[in-house]
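Going by the working numbering, the residue at position 22 of the sequence shown is 693; the numbering climbs one at a time, nothing skipped.
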Amino acid sequence: MERISWDHYFMAQSHLLAMRSTCTRLEVGATIVRDKRIIAGGYNGSISGGVHCIDEGCYVIDGHCVRTIHAEMNAILQCAKFGVPVEGAEMYVTHFPCLHCCRTIIQSGIKTLYYANDYKNHPYAIEQFREAGLTVKHVPFHNQHLNPLHEEQKELMHQLLHAAEVGADSATIASLQDKIEQLYPSNAYQR
Ligand SMILES: [Zn+2]
Ligand SMILES: [Zn+2]
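See the structure below:
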């Protein structure tokens, strides 16, 4: 089995999350990582219990769908909800963030942003990231990176995402992370 790098591993996670998006305008996924551990994930989706764009159509105001909370915000809000510190963390996102998310990412204390696809990269976002001293790195990702993943890995990741979504206890999440890490053993901390 070909081993994937940490960057591709976390970016794969974000691409899996993007597949859960409920707004078809843009499927975005975001993963927050600290010390090479996934601490949260998000995708473009409605508020909990709300109707989905994929069912009812988008709610568009001034050219933007206002029904969904962006993936980056959802990931950060998940940390807020469950009291997980984000200071110094890294974020892997499928698309370059919008201006609102850019400021939220900076203000949350995230220090490194990896993005896979350029998406209307706003000059003001780039300027603000630079002023805030955030490291922004382009990590191109192709879906074929997902193909080598074994069914077992996919299933474990799915369980981990679900556990994070429902706010499972940390022991459950840690045990899933351990199982996943066993599939990516040794010198894992070297890029
Ligand atoms: Zn929508
Ligand atoms: Zn956004």
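For every residue, glycine included, the Cβ atom is placed at its ideal position computed from N, Cα and C.
Hey, would you say residue i sits closer than 9 Å to residue j, going by beta carbons?
{"i": "residue 851", "j": "residue 832", "result": "no"}
{"i": "residue 786", "j": "residue 678", "result": "no"}
{"i": "residue 788", "j": "residue 806", "result": "no"}
{"i": "residue 810", "j": "residue 779", "result": "no"}
{"i": "residue 701", "j": "residue 790", "result": "no"}
{"i": "residue 684", "j": "residue 709", "result": "yes"}
{"i": "residue 703", "j": "residue 746", "result": "yes"}
Can you give me the Cβ contacts of residue i inside the same chain, cut-off strictly under 7 Å, excluding the 5 residues immediately before and after it?
{"i": "residue 795", "result": "770"}
{"i": "residue 737", "result": "730"}
{"i": "residue 857", "result": "For residue 857, the predicted model reports a pLDDT of 38, less than 50, meaning its position is unreliable; a value from the coordinates is still stated below. Excluding positions up to five away in sequence, the list is empty."}
{"i": "residue 827", "result": "847, 850 and 851"}
{"i": "residue 804", "result": "none"}
Compare the Cα-Cα distances from residue i to each of the options and report the closest residue.
{"i": "residue 727", "options": "808, 824, 773 and 693", "result": "693"}
{"i": "residue 767", "options": "834, 835, 698 and 824", "result": "698"}
{"i": "residue 783", "options": "705, 676 and 691", "result": "705"}
{"i": "residue 696", "options": "681, 725 and 808", "result": "725"}
{"i": "residue 719", "options": "813, 686, 836 and 689", "result": "836"}
Tell me which same chain residues have a C-beta within less than 6 Å of the C-beta of residue i, skipping the five on either side of it?
{"i": "residue 861", "result": "Note that residue 861 scores 34 on pLDDT, short of 50, meaning its location in the model is unreliable; the coordinates nonetheless yield the value given after this. Excluding residues within five positions, none has a Cβ falling inside 6 Å."}
Could you tell me which residues DSSP pairs with residue i in its beta bridges?
{"i": "residue 731", "result": "736"}
{"i": "residue 783", "result": "761 and 806"}
What does a CB cutoff of less than 8 Å around residue i pick up in its chain, not counting 5 residues either side in sequence?
{"i": "residue 774", "result": "799"}
{"i": "residue 808", "result": "783, 784, 785 and 786"}
When the Cβ atoms of the segment 739-747 are set against those of the segment 702-717, are three or more pairs found closer than 8 Å?
-> By the Cβ criterion, the segment 739-747 is in contact with the segment 702-717, since at least three pairs of Cβ atoms, one from each stretch, lie closer than 8 Å.
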